[in-house]
Amino acid sequence: MTGVFDYAPSDTTAVMSRAIRRAVALIESSFAQPVSLATLAATAGLSVSRFATLFRKEVGISPHRYVCMVRIRHAKRLLRDGVPPCEVAAEVGFFDQSHLGRHFRRAVGVTPGHFTSCPSREEAA
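Heads up: the sequence shown begins at 1 in full-length UniProt numbering, then just goes up one per residue.
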(Lines of atoms letter the chains of each structure in order from A and count residues from 1; the text may use other names and numbers.)
(Lines give C-alpha, C1' and ligand atoms only; values in the text may rest on other atoms or scores of the structure.)
Protein backbone atom coordinates (compact mmCIF):
# COMPACT_ATOMS: atom_id res chain seq x y z
CA MET A 1 0.00 0.00 0.00
CA THR A 2 1.42 3.35 -0.96
CA GLY A 3 0.23 6.71 0.15
CA VAL A 4 0.89 9.74 2.24
CA PHE A 5 2.90 7.77 4.77
CA ASP A 6 5.47 6.74 2.17
CA TYR A 7 6.49 10.37 1.89
CA ALA A 8 10.18 11.02 2.48
CA PRO A 9 10.96 14.56 3.69
CA SER A 10 14.29 14.67 1.88
CA ASP A 11 12.41 14.49 -1.45
CA THR A 12 11.14 18.05 -1.14
CA THR A 13 13.54 19.83 1.18
CA ALA A 14 14.89 21.81 -1.77
CA VAL A 15 11.46 23.38 -2.35
CA MET A 16 10.58 23.95 1.31
CA SER A 17 11.03 27.40 2.72
CA ARG A 18 13.37 27.89 5.65
CA ALA A 19 10.38 28.41 7.96
CA ILE A 20 8.81 25.08 7.03
CA ARG A 21 12.17 23.28 7.21
CA ARG A 22 12.53 24.54 10.80
CA ALA A 23 9.08 23.18 11.69
CA VAL A 24 9.83 19.83 9.99
CA ALA A 25 13.11 19.61 11.90
CA LEU A 26 11.24 20.21 15.18
CA ILE A 27 8.72 17.48 14.32
CA GLU A 28 11.48 15.04 13.35
CA SER A 29 13.41 15.68 16.56
CA SER A 30 10.50 15.65 19.01
CA PHE A 31 7.82 13.52 17.35
CA ALA A 32 7.16 11.55 20.55
CA GLN A 33 6.21 14.70 22.48
CA PRO A 34 2.94 16.56 22.03
CA VAL A 35 3.55 19.48 19.70
CA SER A 36 0.89 22.08 19.10
CA LEU A 37 0.19 23.90 15.88
CA ALA A 38 0.97 27.14 17.73
CA THR A 39 4.41 25.84 18.71
CA LEU A 40 5.17 24.78 15.15
CA ALA A 41 3.96 28.13 13.82
CA ALA A 42 6.14 30.00 16.35
CA THR A 43 9.14 27.88 15.33
CA ALA A 44 8.49 28.83 11.74
CA GLY A 45 7.95 32.48 12.67
CA LEU A 46 4.47 32.53 11.14
CA SER A 47 0.90 32.94 12.30
CA VAL A 48 -0.96 29.68 12.91
CA SER A 49 -3.21 30.07 9.87
CA ARG A 50 -0.36 31.10 7.55
CA PHE A 51 1.80 28.26 8.84
CA ALA A 52 -0.91 25.62 8.29
CA THR A 53 -1.54 26.87 4.76
CA LEU A 54 2.13 27.07 3.85
CA PHE A 55 2.96 23.70 5.41
CA ARG A 56 0.22 21.95 3.43
CA LYS A 57 1.29 23.72 0.24
CA GLU A 58 5.00 22.90 0.61
CA VAL A 59 4.87 19.47 2.27
CA GLY A 60 1.67 18.19 0.68
CA ILE A 61 -0.09 17.12 3.89
CA SER A 62 -1.28 18.82 7.06
CA PRO A 63 1.09 19.23 10.00
CA HIS A 64 -0.94 16.73 12.05
CA ARG A 65 -0.74 14.06 9.34
CA TYR A 66 2.96 14.70 9.02
CA VAL A 67 3.46 14.15 12.76
CA CYS A 68 1.47 10.90 12.51
CA MET A 69 3.52 9.82 9.50
CA VAL A 70 6.79 10.38 11.39
CA ARG A 71 5.45 8.46 14.38
CA ILE A 72 4.36 5.55 12.16
CA ARG A 73 7.76 5.47 10.46
CA HIS A 74 9.47 5.15 13.84
CA ALA A 75 6.86 2.64 15.06
CA LYS A 76 7.60 0.39 12.07
CA ARG A 77 11.29 0.44 12.92
CA LEU A 78 10.65 -0.45 16.56
CA LEU A 79 8.21 -3.21 15.63
CA ARG A 80 10.79 -4.69 13.25
CA ASP A 81 13.23 -4.68 16.17
CA GLY A 82 10.80 -6.77 18.23
CA VAL A 83 9.48 -4.12 20.61
CA PRO A 84 5.91 -4.97 21.76
CA PRO A 85 3.18 -2.69 20.32
CA CYS A 86 2.16 -1.41 23.77
CA GLU A 87 5.71 -0.14 24.33
CA VAL A 88 5.97 1.19 20.77
CA ALA A 89 2.84 3.29 21.28
CA ALA A 90 4.32 5.07 24.28
CA GLU A 91 7.76 5.36 22.70
CA VAL A 92 6.57 7.15 19.55
CA GLY A 93 3.99 9.42 21.18
CA PHE A 94 0.61 7.73 20.74
CA PHE A 95 -1.75 7.80 23.71
CA ASP A 96 -2.05 4.02 23.91
CA GLN A 97 -1.84 0.84 21.85
CA SER A 98 -5.33 1.35 20.44
CA HIS A 99 -4.39 4.83 19.22
CA LEU A 100 -1.27 3.40 17.56
CA GLY A 101 -3.32 0.61 16.01
CA ARG A 102 -5.84 2.97 14.41
CA HIS A 103 -3.22 5.22 12.86
CA PHE A 104 -0.95 2.32 11.91
CA ARG A 105 -3.73 0.44 10.12
CA ARG A 106 -4.84 3.57 8.29
CA ALA A 107 -1.28 4.28 7.14
CA VAL A 108 0.18 0.83 6.54
CA GLY A 109 -2.93 -1.19 5.77
CA VAL A 110 -2.40 -3.80 8.51
CA THR A 111 -2.40 -3.80 12.29
CA PRO A 112 0.87 -3.62 14.22
CA GLY A 113 0.35 -7.25 15.29
CA HIS A 114 -0.01 -8.42 11.70
CA PHE A 115 2.96 -6.30 10.68
CA THR A 116 5.16 -8.04 13.26
CA SER A 117 3.90 -11.53 12.44
CA CYS A 118 4.24 -11.18 8.68
CA PRO A 119 7.31 -13.17 7.47
CA SER A 120 8.24 -10.41 5.05
CA ARG A 121 7.44 -7.19 6.87
CA GLU A 122 8.29 -5.12 3.84
CA GLU A 123 5.30 -6.67 2.04
CA ALA A 124 3.06 -5.52 4.85
CA ALA A 125 4.49 -2.01 4.69
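Every residue gets a Cβ at the ideal spot worked out from N, C-alpha and C, and that includes glycine.
- Between the beta-carbon of I27 and that of V70 there is about 6 Å, and that keeps the pair under the 8 Å contact cut.
- Judged by DSSP in its simplified three-state form, C68 adopts helix.
- Between H64 and V92, the CB-CB gap reaches or exceeds 8 Å.
- Here A44 is actually not in contact with I61; their C-beta atoms are around 16 Å apart, not less than 8 Å.
- Inter-residue distance for Y66 and I72 is about 10 Å (C-alpha atoms, whole angstroms).
- When DSSP states are grouped into helix, strand and coil, A32 belongs to the coil group.
- Where S98 is concerned, the enclosing alpha helix (DSSP H) starts and stops at 97-108.
- When secondary structure is reduced to three states using DSSP, V83 falls in the coil class, being assigned neither helix nor strand.
- Note on geometry: alpha-carbon atoms of S49 and S117 lie some 42 Å from one another.
- In the DSSP assignment, S17 falls outside any alpha helix (DSSP H) and carries neither an H nor an E.
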